[in-house]
Amino acid sequence: MKKTRTISLLLSALMVAGNLFACGDTQSDVTTDSTNAPNRTDPDSSTGAPDEYVKPDKKFDGQNVNFLLWTEICHFAAEEESGDTINDAVYARNIKVQDMFGVTFTYDSRKGAGAEYGSWLNTLNSSILAGDNAYQLAGGYGYRLTSDALNDSFRNLQANPYIDFSKPWWPANIIDAANIGGRTNVCFGNPDPSYYDTTYAMFFNKQIAEDIGAGDLYGMVDDGTWTIDKMFSLAINSSRDLDGDTKIKDGDIYGYITDKWMCYDAFIHACDIKITERDKNGAPVLIGLTERYIDAEKKISEFMNGSGVVRTKGDQNGDLVTFGNGEAFFYPSALGGAHSLRDMSDDFGILPYPKYNEEQERYITYNAIGNSTAFVAPVTADEALAGCIIEALAYYGWKDILPEYYERALKGKATRDSDSEAMLDIIFNNIEYDFTEMYSFNFGDQKAPSMMMRMAVGENKDISSLWAKNENLYKETMASLVEALK
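Heads up, the sequence shown is in this note's numbering, so the first residue is 55 and it goes up one at a time.
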């Protein structure tokens with residue numbers, strides 16, 4: 055049997071994936087409103103405690119459960135133990151679920167991002183149209199599949215009586231962002247651990263912090279003074295022109311290195327900028343360009359484009375190497391990058407993204423779920439089978455895999471101090487997502503309101519003009535999405 059990827063390969067794939075959601079996609083041929091929530095009463099089990107999973111009284115008599123999966127990021131198809139912490143936890147979880155319900159998992163794994171996505175989707179859609187029930191569940195490229203699942207070819211997971219999205223093993227804010235009127239055709243999170251690695255944080259070089267007298271950065275987080283103004287000031291103070299040519303470039307010490315995509319998107323949440331809100335019927339409504347958004351973008355753009363201490367090459371692998379070599383103070387990244395910094399000579403720390411100002415109540419985290427696996431159930435699949443399997447995968451992912459990732463793979467191996475471990479609790483406990491991020495591809499590749507920060511800062515353009523240029527597109531797309539999800 056084919057060996058499952060180890061964590062090092064997982065990280066290599068993560069870096070490749072950073073360019074999927076970030077740089078666009080080439081297509082081939084092809085707040086939960088309780089008044090609208092479906093009845094989630096499980097017909098085969100009694101009600102458990104909020105954090106308790108009660109197995110439905112179901113067995114499927116040796117039935118095969120075939121998954122169509124994408125290969126670029128997905129880490130679900132663990133076919134044997136390898137000695138890797140995460141792989142072995144996934145393998146054990148999958149075996150447990152198979153035994154519970156008397157089924158056998160098989161995996162049809164194909165390339166499914168970029169130019170290959172169209173072929174991957176064609177494979178799935180052709181099976182559904184033929185009614186051959188070749189696939190009982192599918193896990194694909196979240197950025198694209200979320201939008202392409204907005205039709206009756208896929209089951210409404212909100213209405214499945216064997217799935218309970220109110221349970222803690224589902225990322226509530228992300229599920230809510232996808233929901234309108236009790237309809238959600240996709241789910242993310244604990245079924246596939248790729249979800250954990252796409253959570254964003256701020257890395258910093260502890261040696262540089264000591265050299266410049268930066269103070270207690272962890273203490274700033276704790277007392278609420280860790281803001282974008284504070285971080286930008288420290289970054290400017292930390293840069294060093296080592297060759298004396300009056301420019302900060304490779305070979306010097308950068309105050310900040312970043313890509314121009316998800317690292318900019320993350321500031322929208324970090325600054326508590328709202329893009330949509332829900333009306334009285336639970337439908338999402340576009341808020342528009344707020345003063346907070348305009349002011350935050352101005353500060354961020356002035357620093358990124360005018361401070362002279364920032365490198366924005368857009369080379370994620372290169373950024374990781376530069377930071378690992380001790381040549382930059384701050385480095386925003388998905389947490390998957392932490393695994394590749396284990397051999398870094400200088401000590402590093404991990405912080406949440408900074409707040410907009412000290413008055414902001416809490417730190418807020420961005421997760422680039424477009425780069426993780428979205429799961430769907432074809433309408434041809436048995437509803438009870440699909441629901442029982444995906445719910446159990448989520449529960450045992452939360453119960454068995456997340457602790458392995460969080461405590462051992464990340465805290466135990468990647469972080470260097472107990473303070474960073476405490477920061478991880480803040481980071482993971484404050485993930486938020488917006489409706490326009492969930493369905494961002496519907497607005498056009500790289501054109502969603504949730505990508506306005508990257509467009510304005512990355513291209514150094516006026517955000518008000520950009521918003522005005524795209525406002526009709528936003529309104530029309532919002533209306534069509536609400537209609538599609540009714």
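Ideal Cβ positions, reconstructed from N, Cα and C, are used throughout, including at glycine.
A residue is called buried when at least 16 other Cβ atoms come within 10 angstroms of its Cβ; N259 meets this threshold and is buried. DSSP, read as helix, strand or coil, puts C241 in strand. If you check the CB distance, I443 and A324 do not come in under 7 angstroms. The Cβ atoms of S504 and E491 lie closer than 7 angstroms to each other.
Going by C-alpha positions, F377 is about 8 angstroms away from I311. Rounded to the nearest whole angstrom, the C-alpha separation of G372 and D319 is 20 angstroms. Apart from the 5 residues on each side of it in sequence, S518 sits with its Cβ closer than 7 angstroms to the Cβ of L343 and I348 in its chain, given in chain order. For W280, same chain residues with a beta-carbon under 8 angstroms away, outside a window of 5 residues either side, are L271, M274, L405, P406, P408, K409 and Y417 in chain order. Secondary structure of Y216 (DSSP, three-state): coil.
Contact check for G116 against G166 fails: the beta carbons are separated by 7 angstroms or more.
When I329, A476, L199 and Y189 are compared, the shortest CA-CA separation from E170 is found for L199. Rounded to whole angstroms, the separation of the alpha carbons of V144 and E458 is 10 angstroms. One Cα belongs to E445, the other to S220, and the distance between them is close to 11 angstroms. Its Cα nearest to that of E351, the residue D516 stands out among A192, L296, K453 and D516.
Of the residues assessed, E486 falls on the buried side of the cut-off, its CB having 16 or more other CB atoms within 10 angstroms. V433 sits in coil when the DSSP states are folded into three classes, being neither helix nor strand. The Cβ atoms of L389 and D251 lie closer than 7 angstroms to each other. Excluding its 5 nearest sequence neighbours in each direction, D304 has C-beta neighbours in its own chain below 8 angstroms: R365, T376 and E381, listed in chain order. Boundaries of the alpha helix (DSSP H) around D265: K260 to I266.
Beyond the five residues adjoining it in sequence on each side, N244 comes within less than 6 angstroms, by CB distance, of W223, A448, G451 and W452 in the same chain, given in chain order. The criterion of a C-beta distance shorter than 7 angstroms is not satisfied by L191 and F130. Note on E126: 16 or more other CB atoms within 10 angstroms of its CB, so buried under the neighbour-count rule.
Note that the region 207–220 touches the region 228–246; at least 3 beta-carbon pairs, one per stretch, sit closer than 8 angstroms. Positions of the alpha helix (DSSP H) runs, each at least 4 residues long and wholly inside the region 154–216, are given as 171–184 and 196–202 in order along the chain. Listed in chain order, the non-local C-beta contacts of I302 below 7 angstroms within the same chain comprise S293, D295, Y308, G362 and V363, local neighbours out to five positions each way being set aside. Distance check between D436 and each of G512, K112, G391 and E106 places K112 closest, using alpha-carbon atoms only.
Buried is the label assigned to I182, since at least 16 other Cβ atoms lie within 10 Å of its Cβ. Per DSSP, I327 lies in no beta strand (DSSP E) and is assigned neither H nor E.
Spanning the alpha carbons of C317 and F482 requires a straight line of approximately 17 angstroms. In the displayed model, Y410 falls within coil according to three-state DSSP, outside both helix and strand. Scanning its chain for C-beta atoms nearer than 6 angstroms, with the 5 sequence neighbours on each side dropped, one finds around D105 the residues P222, in chain order.
For F384, there is no enclosing alpha helix (DSSP H); the residue is found in the beta strand (DSSP E) stretching over A382 to A388. Taking the CA atoms as reference points, D276 sits about 15 angstroms from G403. The three-state reading of DSSP puts Q117 in strand, counting E and B together. Relative to D153, the option among S387, N118 and N179 whose CA is nearest is N118.
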